[in-house]
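Please read the structure below before turning to the comments.
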Ligand SMILES: [Fe+2]
Ligand SMILES: [Fe+2]
Ligand SMILES: [Fe+2]
Ligand SMILES: [Fe+2]
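In this note's numbering, the protein residues as written are 5 to 422.
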């Protein structure tokens, strides 16, 4: 069942503005929401944030006053869409609970994308990033357990395992080794463009989120963990933006953004079980169809190119949040020891001892490492760290549970126990 947004009629732009009441929907019930509904909301929010920020950045780089006004009009709607979606998150979901949702998105979105990526190099890029966010989920799950006494497995609905991935401590790389080889939009499969824009937007919003809320905890270890993982999200945005075609014009990029928004809402309205939220996705799709038409018109006027020629076929495959436990395990087993050397991925053991990776590692990891401390503290406090391993032990022997230890008691553990 294909869908070509160029062949559909959307809502005229002048009818897209909504009242404050229409935008301020009743948030979901955190006890009843399907974990993948939470994930879809987080991802759709990331897509809208990117729509807004891309449009602002474009507006700063074009001269034509009519074009700037058109961008402002569409952008006002994107900003309303972002509010409608992000305000579905209820106030009683704690920042750490929302964070678990963000990392579940990173795992199960990236897993879907990697398995549906036609280009083998790009697939490797996604698998590489996947293992890092998978580890973040485990680190945050432990601080959530310690600070709030909540089990992350319940939040992820036992649909995603919680166990070490590529340990966060090893993810810190020289910035130059996070820059990948770009695709060529004209030659790339359209699915590759959608995949890259979507994952980049999701990672960028995760970066934004940790930048903003990482200082909202009193607990020094929670602040430290957000700070450290926030820096990895910076690396992830560097990686994912670098696979996009840097030769795309601003207009072409605008068109691709609107096309991507259509794909996401078309996907989500098919999957979403909550009828209220499904109706929201349907409405947003109808808005995006009009945004796409407008971007196409701008392309015809300004660049004298045919947008439908660029994106001929429409979509046939929806992005689906589903369980990926076996797939994630297989990637973990094979790729845990990879790092990046320029645009390629190699085992850490292949790097010469004087490689810039080790220089960077020793510059940031010289003192305490929060993502390691959080696990040591969990073991000290509870005898073992928090995991959710439904499919057996971690597939990497070195990442299996250590024996229960209580000899690592520290000041911090005593404070928590008190
Ligand atoms: Fe939008
Ligand atoms: Fe992450
Ligand atoms: Fe990430
Ligand atoms: Fe849009």
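Quick reminder that beta carbons are idealized off the backbone N, C-alpha and C, glycines included.
Relative to the C-alpha of residue 323, which candidate in 52, 198 and 155 has its C-alpha closest?
198
Can you give me the Cβ contacts of residue 160 inside the same chain, cut-off strictly under 6 Å, excluding the 5 residues immediately before and after it?
39 and 108
Three-state secondary structure assigned by DSSP to residue 342
strand
Short Cβ contact (8 Å threshold) for residue 99 with residue 236:
no
Using a strict less-than 6 Å threshold between each residue's beta carbon and the heavy atoms of ligand 4, what residues do you get?
Proximity annotation: ligand 4 has residues 55, 82, 262, 265, 292 and 295 in chain order, each selected because its CB is closer than 6 Å to a heavy atom of the ligand.
Checking 8 Å against the spacing of the C-beta atoms, do residue 156 and residue 134 come in under that value?
no
Residue 102 (DSSP reduced to helix, strand or coil):
If DSSP states are grouped into helix, strand and coil, residue 102 belongs with the helices.
May I ask you to report which of helix, strand or coil DSSP gives residue 349?
strand
With residue 381 and residue 405 assumed to form a contact (beta carbons below 8 Å), what rounded beta-carbon distance in angstroms separates them?
The Cβ separation is near 16 Å, so there is no contact.
Shorter than 7 Å, the distance from the beta carbon of residue 193 to the closest heavy atom of ligand 2, or not?
Judged by the Cβ position, residue 193 fails to qualify as a neighbour of ligand 2 at the 7 Å threshold, every heavy atom of the ligand being at least this far.
Which residues does DSSP pair with residue 166 in a beta bridge?
392
Kindly indicate which three-state DSSP category residue 40 falls into: helix, strand or coil?
helix
Are at least three pairs of beta-carbons, each pair with one atom in the segment 228-242 and one in the segment 282-299, less than 8 Å apart?
no
Environment of residue 45 [buried if 16+ CB atoms lie within 10 Å]:
Sixteen is the threshold: when 16 or more other Cβ atoms of the shown chains lie within 10 Å of the Cβ of residue 45, as they do, the residue is buried.
Let me check one thing: in DSSP terms, what residues is residue 319 bridge-paired to?
7
Kindly list the residues whose CB is nearer than 6 Å to the CB of residue 88, restricted to its own chain and excluding five residues on each side of it in sequence; keep chain order.
If we look at residue 88 and ignore the five residues flanking it on each side, its Cβ neighbours are 27.
Run through DSSP, which three-state label would residue 202 get?
helix
Span separating the alpha-carbon of residue 41 from that of residue 120
21 Å
Where does residue 176 fall in DSSP's three states?
coil
Can you list, in chain order, the residues of its chain whose CB lies under 7 Å from that of residue 82, leaving out five sequence neighbours each side?
Scanning its chain for C-beta atoms nearer than 7 Å, with the 5 sequence neighbours on each side dropped, one finds around residue 82 the residues 52, 55, 56 and 59, in chain order.
When DSSP labels each residue in this structure, what does residue 308 get in the three-state scheme?
coil
Would you mind sorting residue 372 into buried or exposed? The rule is 16 or more other CB atoms within 10 Å of its CB.
Label assigned to residue 372: exposed.
Could you tell me if residue 270 is buried or exposed, where buried requires 16 or more neighbouring beta carbons within 10 angstroms of its beta carbon?
buried
Are the beta-carbon atoms belonging to residue 194 and residue 48 less than 8 Å from one another?
Not a contact, by the Cβ cut-off of 8 Å.
Counting only the same chain and skipping the five closest in sequence on each side, list residues whose C-beta sits under 6 Å from that of residue 163.
Same-chain partners within the cutoff: 39 and 327.
Delimiting residues of the alpha helix (DSSP H) encompassing residue 235
224-246
Assign residue 47 to one of three DSSP states: helix, strand, or coil.
helix
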